[in-house]
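Visitor: Residue numbers (the UniProt record's numbering): 1 to 494. From the three backbone atoms N, C-alpha and C, an ideal C-beta is built for every residue, glycine too. This structure is a prediction, so every number in the text was calculated from the model and none was measured.
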Amino acid sequence: MSRKYALGCCSMKIIREKLFFKKACCHHAASDSETQNEESEKRGKGKKRKKKNENKWVVVSNLPFESYKWKENPNRHYDCNKIKTTKYTFLSFIPKNIFEQFHRFANLYFVAIAALNFVPVVNAFQPAVSVIPICVIMAITAVKDAWEDFRRYQLDKEINNMVCLVYSRKESDYVETCWKDVRVGDFVQLQCNEIIPADILLLYSSDQNGICHLETANLDGETNLKQRQVVKGFSNQNTPFDPELFQNTIVCEKPNNDLNKFKGYPDHKRIGFGSESLLLRGCTIRNTEIAIGIVIYAGHETKAMLNNSGPRYKRSKIERRMNIDIFFCVGLLFIMCLIGALGHGIWKGNFSERPPYEVPDMNGNYLSSALAGFYMFLTMIILLQLGQVFLIHNDIDLYDDDVDLPIQCRALNITEDLGQIQYIFSDKTGTLTENKMVFRRCTVDGNEFSHQENVCLKENSRPHRQLLHPTAIPSRPQTFTIHLGPKKITVLLV
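1. Any idea what DSSP makes of K56, helix, strand or coil?
2. For H213, which beta-bridge partners are listed by DSSP?
3. Would you identify the three-state DSSP class for E448, choosing helix, strand or coil?
4. Ends of the alpha helix (DSSP H) at K144?
5. What did DSSP end up calling D325 once you bin it into helix, strand or coil?
6. How do the segment 158 to 178 and the segment 249 to 263 stand: do at least 3 beta-carbon pairs fall below 8 Å, yes or no?
7. Buried or exposed for D145, please, with buried defined as at least 16 other CB atoms from any protein chain shown within 10 angstroms of its CB.
8. The alpha helix (DSSP H) spanning L108 covers which residue range?
9. Can you name the residues that DSSP bridges to E176?
10. Please state whether the Cβ-Cβ distance between R312 and A198 is less than 8 Å.
11. Can you give me the start and stop residues for the beta strand (DSSP E) that K263 sits inside?
12. Grab me the residues of H393's own chain with a C-beta within less than 8 Å of its C-beta, minus the 5 sequence neighbours each way, in chain order.
13. Should G233 go down as buried or exposed, given a rule of 16 or more other Cβ atoms within 10 Å for buried?
14. A291: which of R228, N350 and I250 sits nearest, CA to CA?
15. For L457 and I424, I'd like the C-alpha separation in whole angstroms.
16. Look at G299 and K82 and say whether their C-beta atoms are less than 8 Å apart.
17. Short of 6 Å in beta carbon distance, which residues of its chain neighbour L190, apart from the five on each side in sequence? Order them along the chain.
18. Taking a contact to mean a Cβ-Cβ separation below 8 Å, would you say D79 touches E301 in this structure?
19. From the DSSP output, in three-state form, read off C337 for me.
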């Protein structure tokens, strides 16, 4: 009995242990599944947060991350303020320039002719002679394009090396910094008549009302000053602005090319601000002694650079028309060559030697004079374009005395389009030119009335002109009729 009892107790213990182990396993399995669900939910929320943050542009101050902490700066992924508007590099110049030149179908045609000349069956003259002219033409065009791109490089270098004042925590003051070294999150101090180096959020202005006056002539041609307002809640206008006390995180939209669209807010205050607080790159500070702001967009991410489509190969109207005409010319030339080859073979069979009109050169090579003249004509076209640019650049009538600069011809391929202009659209205030409207003269019924101060002296010497002066106004009222098509306008001159 004792043995049976002992066996029964042992079996009961084993069963209890198994049951307890199963419950524990079930409990652990349930807890593991719950933790997995929680982790998946957290990951889902994290992904949603990442997707939300991907649509936002978060900017913080760079001051806590200077020097050795720069790798921890969230602004390090944004572009620097260095710009580049050139088309070529040292490695890409030759292939890219050749590809652009082959957009001219005339170059493709002459390359095909030179390639056919290496085939002995259709060889017209020595292969080396056919390659030299097209290589010279393409080399001259390449030199011209390289010169244009070098001027862009010089202009970019001049802009990138311009100086502005950026706050340094190490110096505890604003130090001179080149434009190319300005980064998103830097604090920039701007003074009157200074060009803005990047898109900057206005945080402080020396004006008591927190207003900064801006001239946007470089962006839209308007010389009328525009006002920008300091963002509310960031700083106190009655005390000097201290960048080291700035602890806010700015959340705004991603860079876009809309000059009038900008929305953002501080991360902890939810006080919105818009384009009325953004100083755009390329604008000029006017009538404001000091303006301080934080860089939001820099370099090619600024609105001004996003509106710049970049350098592209420009083609004149004549060149585009020539590309179309070449197709018809090649087809017509093929038919003419076919007929001419048959006729030439029959006619040349009557001569035992070469025809008398073909004269060899000093080396005994025969070169068609018509073909040589055509190559010379094509070369002269390139030289003619360079001569046009030289004359335009040195034209005294196109020299601006106010800024001491001559006219700049930046596209050498479209100079001939200047002679094709038929209509000029201009508004009355001259927004895109000088934004200055001056009354000079008006003509009524054949009588011309000119302003005494604005008209030139040489023009005043004409006998039929009358000045708008008290002595020049008729003593009694006169009525004039102006015919404008089917309508008549009567003007009463008192």
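Guide: Taking the coordinates as given:
1. Position 56 of the sequence shown, counted from the first residue, corresponds to residue 56. Coil.
2. For this step, residue 213 is matched to residue 213 along the sequence shown. Q227 and R286, per the DSSP bridge assignment.
3. Translated into positions along the sequence shown, residue 448 becomes position 448. Here E448 sits in strand by DSSP.
4. Within the sequence shown, the letter at position 144 stands for residue 144. Unbroken alpha helix (DSSP H) run through K144: P127 to N160.
5. Locating residue 325 in the sequence shown gives position 325, counting from the first residue. Helix.
6. Below 8 Å, too few C-beta pairs join the segment 158 to 178 and the segment 249 to 263 to call them touching: fewer than three.
7. Taking the sequence shown and counting its residues from 1, one reaches residue 145 at position 145. Classification for D145: buried.
8. Taking the sequence shown and counting its residues from 1, one reaches residue 108 at position 108. Looking at the DSSP string, the run of the alpha helix (DSSP H) that includes L108 is F105 to L116.
9. As a working mapping, residue 176 is identified with position 176 in the sequence shown. Beta-bridge pairing links E176 to L165.
10. As a working note, residue 312 is residue 312 in the sequence shown. As a working note, residue 198 is residue 198 in the sequence shown. Result no, Cβ atoms of R312 and A198 do not sit closer than 8 Å.
11. For the purposes of this step, residue 263 is taken as the residue at position 263 of the sequence shown. K263 -> beta strand (DSSP E) spans K263 to P266.
12. Counting from one through the sequence shown, the residue named residue 393 turns up at place 393. Closer than 8 Å at the Cβ level, and outside the excluded window around H393, lie P406, I407, Q408 and C409.
13. On the sequence shown, residue 233 is found 233 positions in, with the first residue counted as 1. Result: exposed.
14. By 1-based counting over the sequence shown, the position of residue 291 is 291. Cα-wise, what sits closest to A291 is R228.
15. Residue numbering aside, residue 457 sits at position 457 when the sequence shown is read from its first letter. Residue numbering aside, residue 424 sits at position 424 when the sequence shown is read from its first letter. Any answer about L457 is weak, because its pLDDT of 40 lies below 50 and its placement is not dependable; what the coordinates show is given next. Rounded to whole angstroms, L457 to I424 spans 27 Å at the Cα level.
16. Counted from its first residue, the sequence shown places residue 299 at position 299. Counted from its first residue, the sequence shown places residue 82 at position 82. Yes. Within cutoff.
17. Mapped onto the sequence shown, residue 190 falls at position 190. Only I285 and A291 meet the Cβ criterion.
18. Position 79 of the sequence shown holds residue 79. Position 301 of the sequence shown holds residue 301. Going by C-beta atoms, D79 is nearer than 8 Å to E301.
19. Here residue 337 corresponds to residue number 337 of the sequence shown, with the count starting at 1. It is helical.
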